[in-house]
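2 protein chains.
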Amino acid sequence: MAVSKKEGFKTEDVWLADIAKSLSHPARIRILKILTEMNVCMCGDLVDLLPLSQSTVSQHLKELKRVGLIQGDIEGPKVCYCINIKALQKAKKELDKLFNQVCAC
Amino acid sequence: MAVSKKEGFKTEDVWLADIAKSLSHPARIRILKILTEMNVCMCGDLVDLLPLSQSTVSQHLKELKRVGLIQGDIEGPKVCYCINIKALQKAKKELDKLFNQVCAC
DNA sequence: ATAATCTATCGTATATTTACGATGAACGAT
DNA sequence: ATCGTTCATCGTAAATATACGATAGATTAT
Numbered sequence: 386m387a388v389s390k391k392e393g394f395k396t397e398d399v400w401l402a403d404i405a406k407s408l409s410h411p412a413r414i415r416i417l418k419i420l421t422e423m424n425v426c427m428c429g430d431l432v433d434l435l436p437l438s439q440s441t442v443s444q445h446l447k448e449l450k451r452v453g454l455i456q457g458d459i460e461g462p463k464v465c466y467c468i469n470i471k472a473l474q475k476a477k478k479e480l481d482k483l484f485n486q487v488c489a490c
Numbered sequence: 386m387a388v389s390k391k392e393g394f395k396t397e398d399v400w401l402a403d404i405a406k407s408l409s410h411p412a413r414i415r416i417l418k419i420l421t422e423m424n425v426c427m428c429g430d431l432v433d434l435l436p437l438s439q440s441t442v443s444q445h446l447k448e449l450k451r452v453g454l455i456q457g458d459i460e461g462p463k464v465c466y467c468i469n470i471k472a473l474q475k476a477k478k479e480l481d482k483l484f485n486q487v488c489a490c
């Protein structure tokens, strides 16, 4: 089975792994960086900036939306994407918690 | 194709995505936490602490070794795993760079 | 030497991920 | 009303990820 056995793990660890999964593709890293730089961005602009087809970019956006790191607001025929600051801050906090145990040596 | 198209992306983004991928499973998050708490840990101990078979745990350890976040030293018949502090610090630094652009608002 | 222990790897099955083109739904413009 | 634009979703193909048991290799103990 390729299904992660989530039964035996803390929800905290499952959540953090899920966030990490959403960051586990260069396109999604790039999308987050673009959105942080531009604050907001139309989906079409992202398609132009990435070496991927429109449908593939849409899939990556869906993955980032799934974990709540970004949100998309419909503006007429276009969709305006932006960072969900609160979610990103929580992700940063949890990752710091993981890393700082080590770096406090 | 399921292969990530890495041609069109910055090596920096590819690297960070790869680190994130190595963190994208609850078992590997747990392993890192255990190793940071215990400093060092035998592979067998990790198997006891995780709800997974020995071979599966070994696979997860291999993934963390692949990206350099941990290292394993053979001690007789056992293998002693520990965190690679430098790699983890670099990962933290790069992730902060991604997150801080947002949080500096 | 033999047995027991520990861990990595192999083989395998299944689920998920990634990618693309094609299609569909929603909206604005003509 | 029709057309063009924008984006999500569907269908599909191929690679990867996850999990396990079985096996192999190395080391220690007997």
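In order, the protein sequences belong to chains Z and D.
In this text, residue positions in the first sequence follow the numbering used here: the first is 386, and each later residue adds one.
In this text, residue positions in the second sequence follow the numbering used here: the first is 386, and each later residue adds one.
Every residue gets a Cβ at the ideal spot worked out from N, C-alpha and C, and that includes glycine.
Where residue i sits in the DSSP three-state scheme
i      : result
Z:C488 : At Z:C488, the pLDDT of 49 sits below 50, so the modelled position is not reliable; the number obtained from the coordinates is stated separately. Of the three classes helix, strand and coil, the one that applies to Z:C488 here is helix, per DSSP.
Z:K418 : helix
Z:V399 : helix
Z:G453 : coil
Z:E460 : strand
Pick from the options that is closest to residue i, judged by C-alpha positions
i      : options                        : result
Z:K482 : D:L417, D:V399, D:A387         : D:L417
D:S389 : Z:T441, Z:Y466, Z:V464, Z:I468 : Z:T441
D:V496 : D:V464, D:V399, D:V452         : With chain D running from 386 to 490 in the structure shown, residue 496 of chain D is simply not present.
D:G457 : D:G393, D:C426, D:A405         : D:C426
D:K471 : Z:T396, Z:F484, Z:G393, Z:E397 : Z:F484
D:D398 : Z:Q474, Z:I419, Z:R415, Z:K395 : Z:R415
Z:K395 : D:K406, D:I419, D:F394         : D:I419
Residue i classed as buried or exposed, judged by whether at least 16 other C-beta atoms fall within 10 angstroms
i      : result
Z:T421 : buried
D:A387 : exposed
Z:S438 : exposed
Z:C490 : With a pLDDT of 40 at Z:C490, under the threshold of 50, the modelled position of this residue cannot be trusted; read the value that follows with caution. By the 10 Å Cβ count, Z:C490 comes out exposed.
Pairwise C-alpha distance: residue j and residue i
i      : j      : result
D:G429 : D:E460 : 12 Å
Z:D477 : D:L480 : Looking at the sequence provided, one finds Lys at residue 477 of chain Z rather than Asp. Distance between the alpha carbons of Z:K477 and D:L480: 8 Å.
Z:A412 : Z:L454 : 14 Å
Z:L446 : D:P462 : 47 Å
Z:L449 : D:S409 : 14 Å
Z:Y466 : D:W400 : 25 Å
Z:C488 : D:I468 : Only weak support exists for where Z:C488 lies, its pLDDT of 49 falling under 50; the value from the coordinates is given anyway. Distance between the alpha carbons of Z:C488 and D:I468 is about 11 Å.
D:V452 : D:L435 : 21 Å
D:I404 : Z:K391 : 21 Å
D:S424 : D:S407 : The sequence as given places Asn at residue 424 of chain D; Ser does not occur at that position. Using only the alpha carbons, I get a separation of about 19 Å.
D:Q474 : Z:Q444 : 31 Å
Z:A402 : D:G393 : 26 Å
Task: chain D contacts made by the region 428-462 of chain Z, where a contact means CB separation under 8 Å - done: L435, P436, L437
Task: Residues of the region 396-410 of chain Z with Cβ closer than 7 Å to any Cβ of chain D, in chain order - done: D398, V399, L401, A402, A405, K406, L408, S409, H410
Task: Near-chain Z residues of the region 414-425 of chain D (beta-carbon distance less than 8 Å), N- to C-terminal order - done: I414, R415, L417, K418, T421, E422
Open item on the list: Short of 9 Å Cβ to Cβ, which residues in the region 464-480 of chain D face chain Z?
Closed with: I468, I470, L473, Q474, A476, K477, L480
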